[in-house]
Amino acid sequence: MLWLILTLSLASVNCFEPKPDIGVPSGLLPHCPGAAKNATIADSSMPLLQVIIQRLTDTGVYRRSIPIKSAYKAILSDKKFDLSKKTVFYAVGFWDSSVFPHSLAMANGYSKRGYNVLMSETFHFLTYIYPKSVRLSRVIGQQFGKLFVKLTQAGLRPENLELVGTSLGAHIVSHAAKYYQSVTGKKPFRLTGLDPAGPCFRGLPAEEKVTPTDAEHVDVIHTNIDGFGIAERLGHVDFYANGGEYQPGDVPYIPCLVICSHIRSLLYWWIALDNPKKFIAMKCDSIQDARSAKCYNNTELNYAGLETDFDKPGIYYLPTDNEFPYYMGKKGLKEENEIYTTVSRNINADDDFMA
């Protein structure tokens with residue numbers, strides 16, 4: 000564990016009180032003029048917007064990439080794609096791809112649980128300079144929403160449709176859900192945002208980002224709220240991992256800063272798929288209490304993962320360990336085991352230090 004990350008972390012604040020006179024962080028790029036302006040996809044570019052079908056088989060992994068315009072027919076003709084089963088759609092983020100290891104692992108994690116698995120391939124569109132990619136998130140999401148509408152008309156029930164998105168992908172599935180609801184009058188069963196992107200979205204209205212109205216159940220894992228993520232409560236259940244800003248590093252002498260903490264959300268989620276009810280969180284009275292790890296006196300608990308209890312909405316502090324597989328289970332419910340203060344206490348266990 001790292002001393003540097005301890006000093007940088009906003010979670011290590013058991014003895015620290017926010018000072019109004021030094022201000023409240025607005026986060027990275029809180030406002031990007033023009034980010035909500037219209038954007039379209041040219042007909043010549045549309046074949047590059049793709050849907051991936053992926054599943055585990057007895058011989059390995061089956062994977063097929065399909066242009067969005069052909070996806071509906073391809074899915075219906077796939078004899079292994081059962082519209083009566085749960086279907087998950089996973090949307091990748093900025094400068095992200097469905098072929099990257101974490102995306103493949105996420106898809107396989109759901110496939111093991113019997114889901115039909117679809118993924119986005121948006122690399123061509125989400126590698127523009129970031130504010131341009133933000134503008135494209137709405138139209139990309141709407142294209143996927145149109146696909147979900149057609150699949151529902153073919154027999155996919157809304158209660159079997161789950162959407163998951165990481166970073167910018169979280170807002171893409173939000174737009175997909177909004178379109179889906181506008182056409183069908185129904186909501187997907189669940190939408191999960193994995194550290195939804197904050198830059199350019201902080202100042203945007205609700206219709207441009209993840210909101211609790213996007214699905215019957217909306218849960219969010221926050222891991223870098225003032226950097227690439229967003230501090231705002233966006234779901235029915237919002238988990239602020241280790242306070243939501245910096246995550247504990249597991250590589251000696253290398254702190255887990257902005258990018259590391261941002262992508263940690265999808266690692267937590269992927270691990271939670273294989274380890275149900277191991278990521279245990281405690282309810283908080285406010286986001287500030289979650290930031291400051293001041294939730295240990297609350298007895299109401301919840302799980303981050305497929306087992307989240309949506310009958311217990313609210314803000315939750317999610318403690319994790321600094322090493323894979325990160326979950327702490329019931330150990331994390333004891334304040335003396337909070338990762339940052341525990342390590343700091345051990346480092347300075349001696350009463351007299353001589354350099």
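In numbering that gives the first Met the number 0, the protein residues as written are 0 to 354. C-beta atoms are modelled at their ideal positions from N, C-alpha and C, and glycine is treated no differently. From a predicted model like this one, the values you see are computed outputs, not experimental measurements.
Within its own chain, the residues whose Cβ lies closer than 7 Å to the Cβ of residue 49, once the five positions on either side in sequence are excluded, are 64, 65, 66, 67 and 120, listed in chain order.
Contact annotation, residue 222 with residue 243: C-beta distance approximately 7 Å; criterion of less than 8 Å satisfied. According to DSSP, residue 118 shares a beta bridge with 51 and 89. Shown here, residue 99 sits in coil according to DSSP, grouped into three states, outside any helix or strand. When the beta-carbon positions are compared, residue 267 and residue 191 stay at least 9 Å from each other. No Cβ-Cβ contact shorter than 9 Å links residue 84 with residue 108.
The distance from the Cβ of residue 106 to that of residue 91 is about 11 Å, inconsistent with a contact at the 8 Å cut-off.
Judged by DSSP in its simplified three-state form, residue 266 adopts helix. Here the alpha carbon of residue 323 sits roughly 8 Å from the alpha carbon of residue 249.
Burial of residue 168 is indicated by the presence of at least 16 other C-beta atoms within 10 angstroms of its C-beta.
By the neighbour-count criterion, in which a residue is buried when 16 or more other Cβ atoms sit within 10 angstroms of its Cβ, residue 151 is buried.
A straight-line Cα-Cα distance of about 26 Å links residue 99 and residue 217. For residue 278, no alpha helix (DSSP H) segment is defined, and its DSSP state is neither H nor E. By the neighbour-count criterion, in which 16 or more other beta carbons inside 10 Å mark a residue as buried, residue 18 falls on the exposed side. Boundaries around residue 240 are those of the beta strand (DSSP E), 236-240, since no alpha helix (DSSP H) includes it.
Burial state of residue 344 is exposed, judged by a 10 Å Cβ sphere holding fewer than 16 other Cβ atoms.
Secondary structure of residue 123 (DSSP, three-state): coil. Annotation for residue 168: the continuous alpha helix (DSSP H) segment containing it runs 167-183. In the structure shown, residue 31 adopts coil according to DSSP, grouped into three states. Residue state for residue 201 is assigned as coil, using DSSP reduced to three classes. Taking all protein chains in view, the Cβ of residue 163 is crowded by 16 or more other Cβ atoms within 10 Å, so the residue is classified as buried.
Shown here, residue 109 sits in a helix according to DSSP, grouped into three states. Annotation: residue 63 is outside any alpha helix (DSSP H); the continuous beta strand (DSSP E) that includes it extends over 59-66.
Beyond the five residues adjoining it in sequence on each side, residue 294 comes within less than 8 Å, by CB distance, of 281, 282, 283, 284, 288, 315 and 316 in the same chain, given in chain order. Residue pairing by DSSP places residue 220 opposite 193 and 238 in a beta bridge. Non-local C-beta neighbours of residue 165 in its own chain, meaning closer than 6 Å and more than five positions away in sequence, comprise 92, 193 and 265, ordered along the chain.
For residue 317, the enclosing beta strand (DSSP E) starts and ends at 313-317. Note that the C-beta distance between residue 179 and residue 144 is below 9 Å. Residue environment: residue 237 is assigned as buried (16 or more neighbouring CB atoms within 10 Å of its CB, all protein chains considered). Buried is the label assigned to residue 159, since at least 16 other Cβ atoms lie within 10 Å of its Cβ.
Shown here for residue 219: same chain residues with a beta carbon closer than 6 Å to its own, the five before and five after excluded, namely 192, 233, 234 and 237 in chain order. Secondary structure of residue 259 (DSSP, three-state): helix. Residue range 129-152 is occupied by the alpha helix (DSSP H) that includes residue 150.
Separation of the CB atoms of residue 123 and residue 47 is rounded to 4 Å, and the pair is thereby assigned contact status at 8 Å. For residue 334, DSSP records no beta bridge to any residue.
DSSP places residue 339 within a helical segment (H, G or I) once states are collapsed to three.
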